[in-house]
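K.L.:
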Amino acid sequence: MSQNDARRLLDQYYAAFNAGDVAAMEALVTDDIAHDVNQGDRRTGKAKFVEFNAHMTRCYKENLTDIVTMVAEDGSRAAAEFTVNGAYLATDEGLPEADGQTYQLPAGSFFEISGSKISRITTYYNLEDWIGQVKG
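Residue numbers (the UniProt record's numbering): 1 to 136.
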């Protein structure tokens, strides 16, 4: 995949994310997607990615702004930095009680691209910052 094609793939992924179109996001990943979120366990496979997205949709409403992407020359790896603007809709296990609190959080993701799809997503953010914001 070319650098420009990889950049377009990420643009499509983030446009789908911001539109709340999880089906479109899921169509852009490989069947054996490796998905890492912050300090959690790796989820492997599209079924786990779909399950994660359903959970996130239930608990959070998020929009990403200030997205900056960087793509390797050969298009096989990429990174993105962005601001997460969110609302905490339903209590997530092990986290503070949800009451519609809003938050704004810097975050970043790393990607591997295989063929024409995303084969790995690793996302990082400061969980303690998020907890401090939703605790008030």
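Even for Gly, the Cβ is constructed at its ideal location relative to N, Cα and C.
Exposed or buried, which one is VAL134 when buried takes at least 16 other CB atoms within 10 Å?
P.N.:
So VAL134 ends up on the buried side.
K.L.:
Compare the Cα-Cα distances from ILE113 to each of GLY94, ASP21, ASP32, TYR88 and report the closest residue.
P.N.:
Of the listed residues, the one whose Cα sits closest to ILE113 is ASP32.
K.L.:
Using 8 Å for Cβ pairs, my map puts ALA78 next to LEU10. What's the rounded Cβ distance?
P.N.:
6 Å
K.L.:
Consult DSSP for MET70 and reduce its assignment to one of helix, strand or coil.
P.N.:
strand
K.L.:
Could you pull the start and end residues of the beta strand (DSSP E) that GLY108 belongs to?
P.N.:
102 to 114
K.L.:
Within its chain, find whatever has a CB closer than 8 Å to the CB of GLU67; leave out the 5 residues flanking it on each side and keep chain order.
P.N.:
Correcting the residue type first, residue 67 is Ile in the shown sequence and not Glu. Cβ neighbours of ILE67 beyond the five flanking positions: TYR14, ALA80, GLU81, PHE82.
K.L.:
Quick one, which of GLU128, GLU93, VAL84, GLY115 has its alpha-carbon nearest THR102's?
P.N.:
VAL84
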